[in-house]
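What follows is a single structure, written as structure tokens, with notes after it.
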Amino acid sequence: MHKCLLTIFLSLFSLHAFAVTVLIDPGHGGDDHGAKGSYTVGSGKKKSKIDIKEKDLTLAIAKKVKELLTPHCHAYLTRSLDNNLSLEKRAEVAETIKADLFVSIHVNSSRSHSAHGFETYYLDNHDDAAVRKVEEVENKISGGAGEEAIIRQILTDLVISRTVTSSKALASSIHGELGKVLPKKFKLTDRGLRPGLFYVLALSKRPAVLLEAGFLSNEKELAKMNSEKFQDEYARAVAEGIKKFIKTRYKSPVSLF
Numbered sequence: 341m342h343k344c345l346l347t348i349f350l351s352l353f354s355l356h357a358f359a360v361t362v363l364i365d366p367g368h369g370g371d372d373h374g375a376k377g378s379y380t381v382g383s384g385k386k387k388s389k390i391d392i393k394e395k396d397l398t399l400a401i402a403k404k405v406k407e408l409l410t411p412h413c414h415a416y417l418t419r420s421l422d423n424n425l426s427l428e429k430r431a432e433v434a435e436t437i438k439a440d441l442f443v444s445i446h447v448n449s450s451r452s453h454s455a456h457g458f459e460t461y462y463l464d465n466h467d468d469a470a471v472r473k474v475e476e477v478e479n480k481i482s483g484g485a486g487e488e489a490i491i492r493q494i495l496t497d498l499v500i501s502r503t504v505t506s507s508k509a510l511a512s513s514i515h516g517e518l519g520k521v522l523p524k525k526f527k528l529t530d531r532g533l534r535p536g537l538f539y540v541l542a543l544s545k546r547p548a549v550l551l552e553a554g555f556l557s558n559e560k561e562l563a564k565m566n567s568e569k570f571q572d573e574y575a576r577a578v579a580e581g582i583k584k585f586i587k588t589r590y591k592s593p594v595s596l597f
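Using our numbering, you'd call the opening residue of the sequence shown number 341 and step up by one each time.
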């Protein structure tokens, strides 16, 4: 009898989890290359430079995350090809598929080649100058001035008030899983869980996070990120964090507007 009840419970949970829709957003694409970096392989006459664009790394990782999530929930990508997609269009995809969660994947860059580490952002206000530099990069393609900028700010404030708790919990779950893997296996520094004002998160109008996997401007870190092993482990940690969030915190479909 108990075994039968357990089977029914697990079946019901499985159906509930599968009802959750997760949208994975590979940052940049098309003419928008995002950050760029390069690293050297070989030595002597066999020495060569490998150039990497952020848009390619984010797409490779996002595809792996989607594949890992598919057996557990409805998982989609904002783009599956190397095409241009505005922040507004990414938000439209979230609305069209009625996404419950939005996860945007990016790779960091800095003028300092020694900058290193991974970090995770959730939508919220802050007064951190370092975070503002990241925001300037990720928000720049959205443009916006005058009345449009005011509308964006009003939307951002409204979305923050309705999603900050869930967004922070989702970010914490994902970051926690990344923290178990990246420092130990790849010697990446944990730069922490941070609030940030990213338009793509606000425009999605649902619990959302933005991930910065590492620094393309750091040659050693870029070489690691461009490896199949890193991408597999990173994607696995992200997927696990999402699954744990759904299992422990997700109660019912979220509808904000």
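C-beta: ideal position from N, C-alpha, C; glycine also. Fair warning: this is a prediction, and the values are worked out from it, not measured in the lab.
Close beta carbons around residue i, own chain, < 7 angstroms, minus the five adjacent residues each side
| i | result |
| --- | --- |
| residue 408 | 575, 576 and 579 |
| residue 538 | 461, 463, 475, 478, 479 and 550 |
Pair within 9 angstroms by beta-carbon distance, residue i and residue j
| i | j | result |
| --- | --- | --- |
| residue 455 | residue 465 | no |
| residue 378 | residue 391 | yes |
| residue 462 | residue 511 | yes |
| residue 535 | residue 441 | no |
| residue 403 | residue 368 | no |
| residue 360 | residue 586 | yes |
| residue 364 | residue 471 | no |
| residue 362 | residue 431 | no |
| residue 424 | residue 370 | yes |
Identity of the residues DSSP links to residue i by a beta bridge
| i | result |
| --- | --- |
| residue 441 | 362 |
| residue 458 | 530 |
| residue 547 | Per DSSP, none; premise fails for residue 547. |
| residue 417 | 364 |
| residue 380 | 389 |
| residue 515 | Answer is none; residue 515 lacks a bridge partner. |
| residue 463 | 536 |
Opening and closing residue of the alpha helix (DSSP H) in which residue i lies
| i | result |
| --- | --- |
| residue 581 | 568-588 |
| residue 391 | Unbroken run through residue 391 is the beta strand (DSSP E), 388-393; no alpha helix (DSSP H). |
| residue 429 | 427-436 |
| residue 480 | Where residue 480 is concerned, there is no enclosing alpha helix (DSSP H), given that its DSSP letter is neither H nor E. |
| residue 563 | 559-565 |
Buried/exposed call for residue i, threshold 16 Cβ in 10 Å
| i | result |
| --- | --- |
| residue 446 | buried |
| residue 411 | exposed |
| residue 558 | buried |
| residue 395 | buried |
Contacting residues, own chain, Cβ-Cβ under 6 angstroms from residue i (five flanking each side not counted)
| i | result |
| --- | --- |
| residue 588 | none |
| residue 499 | 542 and 545 |
| residue 563 | 379 |
| residue 581 | 513, 514 and 517 |
Chain-order list of residues whose beta-carbon lies under 8 angstroms from that of residue i (same chain, five-residue window excluded)
| i | result |
| --- | --- |
| residue 388 | 380, 381 and 382 |
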